[in-house]
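Residue numbers (my numbering), protein chains in the order written: chain H, 1 to 286; chain P, 1001 to 1286.
Right, here's the structure in full:
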């Protein structure tokens, strides 16, 4: 896992080199959140998937960086006073607390935009342009109104009282980007259709397990590990898997969805890294 | 001009058809600003350019819609309380006044994202995928930190006291997208390099003339025509071409830059529509 994180960090830094210009504040704001102890889960899933499908994981690096930028932009905008109004993220003041709301909004916009700048310039020998466009389309759909943004809208528009709506919300808000991380890795590796479907199923189930685990950590985690106050879901009067099914059943569900994710990978011989990743996530503390 | 506006309106409506889903509020918010009496200047420039370069303008329609969505998202975010804090836009309450700040931020995000969804799915027979990627790259660069967003950052970070900085700001904030409107039209039409350069020069000069005209209208225009209060630049203590060089000289500059724009088109036989557009913009009231 560590080597994929290092590949991602190095590539992200290379994309974030800028000259001293009148708009340099925006680069500082983008970097502040992009290099703030992120787990790099989505890039790692994408790179591991490309490898599992038989490709050099490096061919997925531009998309891995793009998806991390999209994830980061969503956190900056989520934290804004008009949304979740959070002061802390990963143990640091949130972007708008440091740079002000105007720059924080623009830094989010800029990271989303930069993601598409990077992938539109994708130029790796052996990967055809049609495949690149397919991958860009998968990325754009997963971050849009039928994906991540759609989930965020449901989150601020409802209190998620029923299980069906909560599942729908999670499948969009966190699930869509995690799914596309794997699917894009498979697309770029030119995987067979059944392989891509298996990856999709893996990520879908892993995403649900991940999100339920987040709910659990918001109740049982420590502020030092999480880098933000616990109990924020309760404070925001939001339903979660915990309030709807209780802690014990939620833990069972994390295990169940993780197992389902792992089972999806049966078609791959070379699945060790992703199985290991899935098992590690069950016991994560942040 | 009217026929290009109609083509754009029709295509925009086709892209904005959505099912009744829990996140439907976001579609309402996107539509509210997207169909709010916009001039469709950027799409018109793109479609006219594609035509002038010998292509069927319809091949540029997906990009024309995408650029209008990006323009619209920038207006929604610019109007937010954390930015210009405007209550009116084109005679209607601004997006956040109607939908609240959270949804307005997400509606902006969603329009930017949707622009890239549309262009990544571009599939017009005869236009090769490499050309599509070049056009997406031009679009993404013009709306990013070295383009529109960069200009917005300079705008909120400075009072634009000197002419050099003001020119830089204008070249990014309005100029970059107007330039890419023309350039993308030329790219999709597979224009020769000297033709693309001529289009770029036309749009660059037209963009400056357009922006200075905006400054003039903020002083001399009527609120009824503009659909928003006049004098907002002065109220925000922002330097403009008027405060830096006076009204008369600003008018001269609009004429000068418009003429320079028109002269750039000399290489094209079929340049009547764009010349006409440039001349119309000098006498615009809104």
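Backbone N, C-alpha and C define an ideal beta-carbon position, used for all residues, glycine too.
Any C-beta of chain H under 9 Å from that of residue i
i	result
residue 1069 of chain P	no
residue 1116 of chain P	yes
residue 1012 of chain P	no
residue 1027 of chain P	yes
residue 1128 of chain P	yes
residue 1154 of chain P	yes
residue 1004 of chain P	no
residue 1098 of chain P	no
residue 1033 of chain P	no
residue 1168 of chain P	yes
residue 1044 of chain P	no
residue 1093 of chain P	no
residue 1039 of chain P	no
residue 1201 of chain P	no
residue 1088 of chain P	no
residue 1273 of chain P	no
residue 1157 of chain P	yes
Below-9 Å beta-carbon distance, residue i vs any chain P residue
i	result
residue 266 of chain H	no
residue 176 of chain H	no
residue 120 of chain H	yes
residue 211 of chain H	no
residue 83 of chain H	yes
residue 77 of chain H	yes
residue 145 of chain H	yes
residue 161 of chain H	no
residue 277 of chain H	no
residue 30 of chain H	yes
residue 18 of chain H	yes
residue 124 of chain H	no
residue 140 of chain H	yes
residue 171 of chain H	no
residue 309 of chain H	No answer is possible for residue 309 of chain H: the residues shown for chain H start at 1 and end at 286.
residue 259 of chain H	no
residue 133 of chain H	yes
residue 136 of chain H	yes
residue 9 of chain H	no
residue 283 of chain H	no
residue 101 of chain H	yes
Closest residue to residue i among the options (Cα-Cα distance)
i	options	result
residue 1267 of chain P	P:1202, P:1154, P:1075, P:1145	P:1202
residue 195 of chain H	H:98, H:116, H:56, H:264	H:264
residue 74 of chain H	H:172, H:54, H:271	H:172
residue 1179 of chain P	P:1219, P:1207, P:1169, P:1188	P:1207
residue 151 of chain H	P:1283, P:1037, P:1008, P:1107	P:1107
residue 37 of chain H	H:225, H:282, H:247	H:225
residue 1021 of chain P	H:280, H:165, H:262	H:165
residue 89 of chain H	H:72, H:177, H:18	H:72
residue 270 of chain H	H:12, H:2, H:55	H:55
residue 127 of chain H	H:149, H:219, H:67, H:50	H:50
residue 1192 of chain P	P:1065, P:1096, P:1052, P:1218	P:1052
residue 257 of chain H	H:158, H:161, H:279	H:279
residue 248 of chain H	H:43, H:217, H:97, H:177	H:217
residue 285 of chain H	H:228, H:189, H:31	H:228
residue 66 of chain H	P:1113, P:1273, P:1154	P:1113
residue 255 of chain H	H:123, H:15, H:210	H:210
residue 1047 of chain P	P:1250, P:1273, P:1281, P:1140	P:1273
residue 1122 of chain P	H:123, H:129, H:122, H:124	H:129
residue 45 of chain H	H:95, H:97, H:214, H:2	H:2
Counting only Cβ-Cβ distances shorter than 8 Å, please list the residues of the stretch 1180 to 1197 of chain P near chain H, keeping chain order.
none
Could you give the uninterrupted runs of the alpha helix (DSSP H) lying entirely in the stretch 1096 to 1162 of chain P, keeping only those of 4 residues or more?
1101 to 1120, 1129 to 1143, 1148 to 1157
Does the stretch 1227 to 1247 of chain P come close enough to the stretch 1078 to 1094 of chain P that 3 or more CB-CB pairs lie under 8 Å?
Yes, the stretch 1078 to 1094 of chain P touches the stretch 1227 to 1247 of chain P.
With a threshold of 8 Å, are at least 3 pairs of Cβ atoms found where one atom belongs to the stretch 1018 to 1035 of chain P and the other to the stretch 1132 to 1150 of chain P?
no
Tell me the start and end of each unbroken alpha helix (DSSP H) in the stretch 15 to 54 of chain H that is at least 4 residues and wholly inside, in chain order.
24 to 34, 41 to 52
Which runs of the alpha helix (DSSP H) at least 4 residues long sit entirely within the stretch 161 to 248 of chain H? Give them in chain order.
Secondary structure within the stretch 161 to 248 of chain H: the alpha helix (DSSP H) runs of 4 or more consecutive residues, fully enclosed, are 163 to 173, 175 to 188, 193 to 220, 223 to 226, 232 to 235, 241 to 245 (chain order).
Against chain H: residues of the stretch 1104 to 1115 of chain P by CB proximity under 7 Å:
1105, 1106, 1109, 1110, 1112, 1113, 1114
For the stretch 1233 to 1257 of chain P, list every residue whose C-beta sits within 9 Å of some C-beta in chain H, in sequence order.
none
Check each residue of the stretch 203 to 231 of chain H: if its Cβ is closer than 8 Å to any Cβ of chain P, include it; give the result in chain order.
none
So, does the stretch 118 to 128 of chain H touch the stretch 96 to 105 of chain H, judging by three or more C-beta pairs under 8 Å?
no
Taking only beta carbons into account, state which residues of the stretch 46 to 73 of chain H come closer than 7 Å to chain P, listed in chain order.
Listed by position along the chain: nothing, the set is empty.
The stretch 181 to 193 of chain H touching the stretch 1044 to 1061 of chain P, judged by at least three CB pairs closer than 8 Å:
no
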